[in-house]
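Trainee: The structure's right below; bear with me while I get my questions together.
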Amino acid sequence: MVRYILLILFVGLPFAQDITIAVLDFDGNGVSQSETRTLTNRLRDELFKTGVYIVLERGKMDDVLKEQGFQQTGCVTSECAVEVGNMLGVQQMVGGSIGKVGNIYTISARIIDVVTGEVLKSAKYDNVNNIETLLTQGMQEIALKLVGNEFELKETQKKDIRSATMGAVGEAGSHIRFDPESGKTVYPSNKYISVYMGYGPGSLENFYAESAFSSPENPSERLWTANVLDVSTENSLPQLGLKLGGWKGWFGGELEMSLFRHKTPAQIVYYDSHGQVFIPPTPDYPDGYYYTIEPQDSVALPDNFLNFNSFSIGGVAYLNMPFIKNINPTIGFGLSFAMNNVNSDYPGPGSFAAKNVMAAFGYDIKDSQSLNTTDFGWGFDIPIGLKYRANDNIFFSIDFRLSTKYIYFVGSDAYLKEKDETVLQSFQINLGVGKFIN
Amino acid sequence: MAKLFKYFFCLFMFSSVSLSNIYSEDSTSRVEQGAVTQKKVFKKYLEFILPANMFFGPYAFFLGVTIGGWGIVDGDSPLTANTKWLAAPLLAGALIQLNTSEIKTTVLKKPMDDDNSTLYYNIVYVGPDISSIKDFNAKGDDGKWSANVVEAKTGTDYPPLGYRTGFSTRSFGMDFEMSLLAHHTLKQTAYYNFEGRIYNEDANMYIDLPTSMEIDLPSHFLMLHSMYMGINAYYVLPNFGVTPYIGAGGGALLNSIQSQYPGPANLVQEDGALALDAMELNWGYHGMVGFRYMREKSFYYVELRPTFHNFQYESGLDRLKEHDQFVLQSFQVQLGVGKNIF
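As structure tokens, this is what we get:
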């Protein structure tokens with residue numbers, strides 16, 4: 000809807016451009032004459048920039064009035080403005096005042112029809128304790144209000160703020176805004192919500208498993224331990240994420256929630272192991288027995304042996320670096336807390352390996368139940384990416400992310416019950432789309 | 000039934016008499032006259048509500064645990080016993096609301112500013128969860144043995160229920176929370192690591208046991224009831240149709256541990272008796288991330304919580320007396336309705 004209104008306004012602009020207008024020097028109260036003249040000149044420029052009026056230059060205006068023997072000083076009433084307008088031969092006149100009350104600077108301005116003497120439009124602007132802002136922002140705002148283009152006014156302000164942070168980080172402080180209500184300097188900020196989808200390879204680094212039971216000979220030692228340096232993984236579903244974030248100048252932050260699913264593909268895993276496996280009582284061994292395992296061994300893992308489902312919630316802090324307009328590279332660091340579900344068609348890694356080992360001796364370890372356990376873990380990310388602002392509402396993002404998740408779980412069952420811990424490392428490419436919620 | 004009625008009648012009378020003494024007309028007249036801020040009125044509201052809940056809540060919890068325990072002793076099913084347990088604190092909550100409603104109305108009717116920048120709210124919620132016992136450690140009172148179970152499965156007969164009252168600005172919120180939680184161990188075989196020597200009643204001597212042991216646990220071997228009272232603090236994120244927030248909370252847990260068995264080391268069921276009936280004050284904490292959907296005078300929310308509740312208690316009898324401790328870990332999905340109290 001807003002687009003159509005803007006379109007109608009812009010279509011209307013060429014037809015309005017033959018209106019001639021002149022700006023009288025504003026009446027100054029508590030402001031010096033030179034400051035008043037400078038500010039009035041700025042208003043002329045701003046009115047010209049709107050493209051709505053043909054604005055009479057100050058020099059030409061002074062020449063005509065001098066020729067007519069008219070003294071502009073003190074001309075503040077509508078009648079006087081009409082009189083001057085007739086002398087200048089313009090259709091409309093702008094008059095007004097700039098004043099200071101306490102710490103507040105105020106501008107009031109109006110457009111008067113020279114033929115009817117009617118006040119067509121009026122505008123005002125207040126600012127606390129800062130006359131400079133009257134020049135940098137106040138007169139632009141007055142001009143846009145007088146033109147009556149409120150939509151453009153809002154869009155212009157939004158655009159200024161966005162360009163200050165998206166495309167021109169580090170430029171002179173022209174993007175820093177002054178809040179007249181609070182009297183404080185306000186740094187532009189952007190808040191957004193975005194969703195992303197990611198994909199990439201991963202691996203389990205340093206998979207460590209230890210028995211839940213202690214050694215009968217030395218209770219301070221675990222019954223067995225095993226370690227695998229590296230197990231490759233891959234996405235079984237693309238990672239999906241939701242981000243809520245914002246930035247101010249160089250710095251940004253995000254709250255992120257994501258769903259992530261990796262699986263181990265079929266592979267042969269070589270592991271280092273120590274200790275003994277307790278074999279439960281059998282008719283041959285009524286008290287059970289301890290089988291000493293080989294220090295090095297291997298096991299062929301089937302596809303989908305372990306599935307990792309992780310729901311993470313975390314925060315990312317990032318640097319929003321200057322680049323070119325509309326594109327901002329970012330680099331950040333994130334910490335997350337995750338609920339990790341690990342499942343398998345088998346009881347667990349220790350049980351699977353022991354079953355393979357014992358099968359060589361003709362002993363069949365019964366699989367009791369398949370693995371399905373949920374535990375909490377944590378992780379960190381290093382995202383390096385780009386944000387591209389497509390328009391005032393939408394941006395697209397791409398980031399390359401090194402993600403590290405520390406996963407702990409209890410696996411296997413019965414006397415092979417084990418405590419497992421591993422680091423799931425992945426390198427992902429995430430593509431996202433976001434919407435500003437300013 | 001008559002016994003139940005008698006206890007609820009006692010509770011009603013006790014709460015009515017006590018509340019009428021605590022919140023006499025003198026106390027309500029302490030509210031400042033004239034226009035006051037919502038913040039001041041809310042503080043006054045908390046002064047009335049929190050002591051009532053913090054005193055009568057645990058009292059009703061004790062009562063509920065006792066009634067539930069009787070149910071077990073009388074041969075009720077765990078579900079029936081849990082229903083009786085739950086009824087007592089819920090009824091007590093209703094009685095507290097009834098007895099304080101006039102006082103609350105008096106306080107909240109005071110003329111005040113119409114500042115809408117802060118939301119003051121009451122919430123009721125239900126929080127189904129997935130839970131398990133982690134690292135169950137038991138140590139003999141005689142110091143001669145210890146045992147560890149890395150994980151035991153738990154379930155619920157009723158989902159956790161709770162009440163929260165607090166405030167939220169555009170960037171920050173805090174609330175006080177009370178909740179009732181009832182978990183129990185599921186039927187399972189627990190494999191445990193054992194170290195040391197333990198007294199054998201039949202042989203009347205200490206015996207060595209292997210390090211790897213197993214034990215078949217019946218359903219509801221341990222019945223865990225908790226009343227949680229704590230504080231939450233959270234950061235409010237930008238609104239995008241719903242208002243997200245993220246935070247953490249912690250507080251005290253009044254834990255009741257009941258079983259028909261004296262303890263894990265003494266697994267002889269005592270029919271018609273509650274062999275283990277411990278009540279301890281422990282603590283717990285949680286993270287929280289939630290989304291609030293605002294209406295004009297109310298809101299709905301969904302909140303995800305990893306929670307960690309610590310349990311420490313004594314169980315067993317005589318030479319098999321033991322000190323047990325574990326963490327009840329759960330992932331809770333809280334669904335609730337909030338109401339703006341102004």
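Line order of the protein sequences matches chains A and B. Under numbering that gives the first Met the number 0, think of the first position of the first sequence as 0, with each following residue one higher. Under numbering that gives the first Met the number 0, think of the first position of the second sequence as 0, with each following residue one higher. All C-beta atoms, glycine included, are put in the ideal place defined by N, C-alpha and C. This structure is a prediction, so every number in the text was calculated from the model and none was measured.
Using only the alpha-carbon positions, how far apart do M342(B) and Y205(B) sit?
Mentor: Missing from the structure shown is residue 342(B); chain B here goes from 0 to 341 and no further.
Trainee: According to DSSP, R41(A) sits in a beta bridge with which residue or residues?
Mentor: DSSP lists no partner for R41(A).
Trainee: Listed in chain order, which residues of the region 245-258 of chain A have Cβ atoms closer than 9 angstroms to some Cβ of chain B?
Mentor: Residues G245, L254, M256.
Trainee: Residues of chain B with CB under 7 angstroms from G418(A), in chain order?
Mentor: The residue asked about is misnamed: residue 418(A) is Lys in this sequence, not Gly. Simply V149.
Trainee: In this structure, does DSSP put S33(A) in helix, strand or coil?
Mentor: S33(A): helix per DSSP, three-state reduction.
Trainee: Does any CB atom of chain A fall closer than 9 angstroms to the CB of P243(B)?
Mentor: Yes, its Cβ sits closer than 9 angstroms to a Cβ of chain A.
Trainee: Note down, in chain order, each residue of its chain lying with its Cβ closer than 6 angstroms to the Cβ of P88(B), except the 5 sequence neighbours on either side.
Mentor: Excluding positions up to five away in sequence, the list reads A59, F60, G63, L179.
Trainee: Under 9 angstroms, Cβ to Cβ, is there at least one residue of chain B near I364(A)?
Mentor: Not one chain B Cβ lies under 9 angstroms of I364(A).
Trainee: Since K190(A) meets chain B, which of its residues come closer than 7 angstroms, beta carbon to beta carbon?
Mentor: Simply P237.
Trainee: Considering V51(A), what are the terminal residues of the beta strand (DSSP E) in which it resides?
Mentor: Premise fails: V51(A) is in no beta strand (DSSP E) and is neither H nor E.
Trainee: Excluding five sequence neighbours on each side, which residues of the same chain lie with their C-beta closer than 7 angstroms to the C-beta of L78(B)?
Mentor: Closer than 7 angstroms at the Cβ level, and outside the excluded window around L78(B), lie D156.
Trainee: Taking 6 angstroms as the limit between beta carbons, can you name the residues of its chain near S193(A), skipping five residues before and five after?
Mentor: If we look at S193(A) and ignore the five residues flanking it on each side, its Cβ neighbours are K242, G431, G433.
Trainee: So the candidates are L145(A), T132(A), N102(A); which of them puts its Cα closest to the Cα of V118(A)?
Mentor: Cα-wise, what sits closest to V118(A) is L145(A).
Trainee: For the putative contact between P237(A) and G201(A), defined by C-beta atoms under 8 angstroms, what is the C-beta separation to the nearest angstrom?
Mentor: Their Cβ separation, rounded to whole angstroms, is 13 angstroms, which puts P237(A) and G201(A) out of contact at 8 angstroms.
Trainee: Between the region 188-203 of chain B and chain A, which residues of the former have CB atoms less than 7 angstroms from a CB of the latter, in chain order?
Mentor: Listed by position along the chain: Y190, N192, E194.
Trainee: Are at least three pairs of beta-carbons, each pair with one atom in the region 310-317 of chain A and one in the region 363-375 of chain A, less than 8 angstroms apart?
Mentor: Not touching, per the Cβ criterion.
Trainee: What residues in the region 393-421 of chain A bring their beta carbon closer than 7 angstroms to a beta carbon of chain B?
Mentor: If the cut-off is 7 angstroms between Cβ atoms, the region 393-421 of chain A has V409, A413, Y414, K416, K418 near chain B.
Trainee: Ignoring anything shorter than 3 residues, give me the beta strand (DSSP E) runs that lie fully in the region 139-208 of chain B, in order along the chain.
Mentor: Entirely contained in the region 139-208 of chain B, the beta strand (DSSP E) runs reaching 3 residues are, in chain order, 144-155, 160-167, 171-184, 187-199, 204-207.
Trainee: Helix, strand or coil for I406(A) per DSSP?
Mentor: The answer is strand: DSSP assigns I406(A) an E or B state.
Trainee: Cα-Cα, which of Q136(A), F212(A), I110(A) is closest to N147(B)?
Mentor: Ranking Q136(A), F212(A), I110(A) by Cα distance to N147(B) puts F212(A) first.
Trainee: Would you identify the three-state DSSP class for K354(A), choosing helix, strand or coil?
Mentor: If DSSP states are grouped into helix, strand and coil, K354(A) belongs with the helices.
Trainee: From V409(A) to N52(B), what does the alpha carbon distance come to, in whole angstroms?
Mentor: When rounded, the distance between both Cα atoms is 39 angstroms.
Trainee: So what does DSSP say about F60(B), is it helix, strand or coil?
Mentor: In this structure, F60(B) counts as helix in the three-state DSSP scheme.
Trainee: Quick check on A253(B): does DSSP put it in helix, strand or coil?
Mentor: Note on residue identity: the sequence assigns Leu, not Ala, to residue 253(B). Here L253(B) sits in strand by DSSP.
Trainee: Could you give the first and the last residue of the continuous alpha helix (DSSP H) run that contains R57(A)?
Mentor: Residues 57-66.
Trainee: For F212(A), return the contacting residues in chain B, with the cut-off set at a CB-CB distance below 7 angstroms.
Mentor: Those are N192, T210, S211, listed as they occur along chain B.
Trainee: For S329(B), which residues from the same chain have a beta carbon less than 6 angstroms from its beta carbon, with the 5 sequence-adjacent residues on both sides left out?
Mentor: D128, S130, T306, listed in sequence order.
Trainee: Consider the Cβ of F330(B): report whether some Cβ of chain A lies at a distance smaller than 9 angstroms.
Mentor: F330(B) counts as touching chain A.
Trainee: Please list, in chain order, all residues of the same chain as Y284(A) whose beta carbon is under 7 angstroms from its beta carbon, the five residues on each side excluded.
Mentor: So the list reads I278, once near-sequence residues are dropped.
Trainee: Is DSSP giving P261(B) helix, strand or coil here?
Mentor: Correct three-state label for P261(B): coil.
Trainee: So, does the CB of P344(B) fall closer than 9 angstroms to a CB anywhere in chain A?
Mentor: Coverage of chain B is limited to positions 0 through 341, which leaves residue 344(B) absent and any answer about it impossible.
Trainee: Looking only at its own chain, which residues have a Cβ that is under 7 angstroms from the Cβ of F220(B), when we skip the five neighbours before and after it?
Mentor: Correct list, in chain order: T184, S258, Y260.
Trainee: List the residues that DSSP assigns as beta-bridge partners of E446(A).
Mentor: Nothing about residue 446(A) can be reported from this structure: the residues present for chain A run from 0 to 437 only.
Trainee: Would you mind reading off the limits of the alpha helix (DSSP H) that contains K296(B)?
Mentor: Careful: K296(B) lies outside any alpha helix (DSSP H) and carries neither H nor E.
Trainee: Residues of chain B with CB closer than 7 angstroms to the CB of T373(A), please, in chain order.
Mentor: Ordered by position in chain B, the residues that pass the 7 angstroms Cβ test against T373(A) are I129, F330.
Trainee: Let me see if you follow: with CB-CB separation under 9 angstroms, is I288(B) close to chain A or not?
Mentor: A small correction: the amino acid at residue 288(B) is Val; Ile does not occupy that position in the sequence shown. By this cut-off, V288(B) is an interface position.
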